[in-house]
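Protein chains in written order, with my numbering: chain L, 1 to 131; chain D, 132 to 262. Heads up, the thing below is written out as structure tokens.
Number of protein chains: 2
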Amino acid sequence: MERIPILKMGDFLLVTIQVDMHDRLVTTLQDDLTLMISRSGATGVLIDISSLDMVDSFIGRMIGNIAGMSRVLDAETVVVGMRPAVAITLVELGLSLPGVRTALDVEKGMALLRSATRRRSGEADDGRDEG
Amino acid sequence: MERIPILKMGDFLLVTIQVDMHDRLVTTLQDDLTLMISRSGATGVLIDISSLDMVDSFIGRMIGNIAGMSRVLDAETVVVGMRPAVAITLVELGLSLPGVRTALDVEKGMALLRSATRRRSGEADDGRDEG
Numbered sequence: 001m002e003r004i005p006i007l008k009m010g011d012f013l014l015v016t017i018q019v020d021m022h023d024r025l026v027t028t029l030q031d032d033l034t035l036m037i038s039r040s041g042a043t044g045v046l047i048d049i050s051s052l053d054m055v056d057s058f059i060g061r062m063i064g065n066i067a068g069m070s071r072v073l074d075a076e077t078v079v080v081g082m083r084p085a086v087a088i089t090l091v092e093l094g095l096s097l098p099g100v101r102t103a104l105d106v107e108k109g110m111a112l113l114r115s116a117t118r119r120r121s122g123e124a125d126d127g128r129d130e131g
Numbered sequence: 132m133e134r135i136p137i138l139k140m141g142d143f144l145l146v147t148i149q150v151d152m153h154d155r156l157v158t159t160l161q162d163d164l165t166l167m168i169s170r171s172g173a174t175g176v177l178i179d180i181s182s183l184d185m186v187d188s189f190i191g192r193m194i195g196n197i198a199g200m201s202r203v204l205d206a207e208t209v210v211v212g213m214r215p216a217v218a219i220t221l222v223e224l225g226l227s228l229p230g231v232r233t234a235l236d237v238e239k240g241m242a243l244l245r246s247a248t249r250r251r252s253g254e255a256d257d258g259r260d261e262g
């Protein structure tokens, strides 16, 4: 099982992190995800970390990087399902995940993405086409 | 990471299988899932196996059992994301997954569940309350 599945749900992509991440798996995930955003035109990415009961700076950086890549591809990132202990660890590690939104569960995350997308599409309609 | 996360999406529950399953993990998943169906009143369960590139009779039986348990709790099960090679192996193993519906991806699976639920709720309204 060498790659993390990315599930398409309407305009959003859902990634569930369940396994221990290592360098190569992270690279594969970033490749797959960016490819899938550009192919599907997804406007949001949900990263579910509810099965992680620990994070380290590696995972924190990975989430930040994914959010950055998604943003330049015109998709918002929401991290969902964070456990209380993980929140404590992240702040203690000095990783406040700037630019990453969070929500308690997938449903709330999708609602957040929907309202963010609606607001954005009100501001500008075709930001994706300028590249 | 000792349990598989179950994500609630509207009336349905989504389980993504990513890790190698062993006896205890399967038991935990069945406990969690049945508890979550009865608590949330979910009417459908989606099992995503897109990251499995192999199945054995153990996994096949697990899927069948989960479908059976869900059914007695009044929820339909749909297996999504099956790879072609997995379909071949399942049939070669003699596991045709009776009583389990399948769909190519999560979106199609949710559409299938929605139509099945609608049809069922037309037939009988309160089957759940008779126990």
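Built from N, CA and C at the ideal position, the CB exists for glycine as well.
- Distance between residue 4 of chain L and residue 66 of chain L, taken at the CA atoms: about 14 Å.
- Between residue 230 of chain D and residue 206 of chain D, the C-beta spacing is not below 7 Å.
- Among the CB atoms of chain D, one or more fall inside 7 Å of the CB of residue 7 of chain L.
- Taking a Cβ-Cβ threshold of 9 Å, none of the residues of chain D is close to residue 24 of chain L; the smallest such distance is about 15 Å.
- Listed along the chain, the chain D residues whose CB falls inside 9 Å of the CB of residue 105 of chain L are 138 and 139.
- Under the DSSP assignment, residue 79 of chain L falls outside any alpha helix (DSSP H), being part of the beta strand (DSSP E) whose first and last residues are 76–80.
- Counting along the chain, the unbroken beta strand (DSSP E) around residue 140 of chain D starts and ends at 137–140.
- Assignment of alpha helix (DSSP H) within the segment 169–244 of chain D, counting only whole runs of 4 or more residues, yields 188–203 and 215–223 in chain order.
- For residue 147 of chain D, at least one C-beta of chain L is nearer than 7 Å to its own C-beta.
- Contact residues of the segment 176–190 of chain D toward chain L are 179, 181, 182, 183 and 184 (C-beta to C-beta distance below 8 Å).
- For residue 15 of chain L, the secondary structure class from DSSP, reduced to helix, strand or coil, is strand.
- If you check each beta-carbon in the segment 72–84 of chain L against every beta-carbon of chain D, the ones closer than 8 Å belong to 81.
- Using a Cβ distance threshold of 7 Å, residue 209 of chain D and residue 243 of chain D count as a contacting pair.
- For residue 4 of chain L, the residues of chain D that pass the 8 Å Cβ criterion are 149 and 182, in the order they occur in the chain.
- Sequence-distant partners of residue 108 of chain L (beyond 5 residues in either direction) whose C-beta falls short of 8 Å from its own C-beta, in its chain, are 80.
- Residue 60 of chain L places its beta carbon less than 7 Å from that of residue 95 of chain L.
- Taking 7 Å as the cut-off, the beta carbon of residue 162 of chain D is found no closer than this to the beta carbon of residue 137 of chain D.
- Selection L:42, L:68, L:37 and L:2 evaluated against residue 181 of chain D yields L:2 as nearest (Cα-Cα).
- When the Cα atoms are used, residue 52 of chain L and residue 15 of chain L turn out to be separated by approximately 13 Å.
- Contact between residue 11 of chain L and residue 117 of chain L holds, since their C-beta atoms are separated by about 7 Å, short of 8 Å.
- Apart from sequence neighbours up to five positions away, the residues of its chain that approach residue 167 of chain D with a beta-carbon distance below 8 Å are 137, 139, 144 and 173, ordered along the chain.
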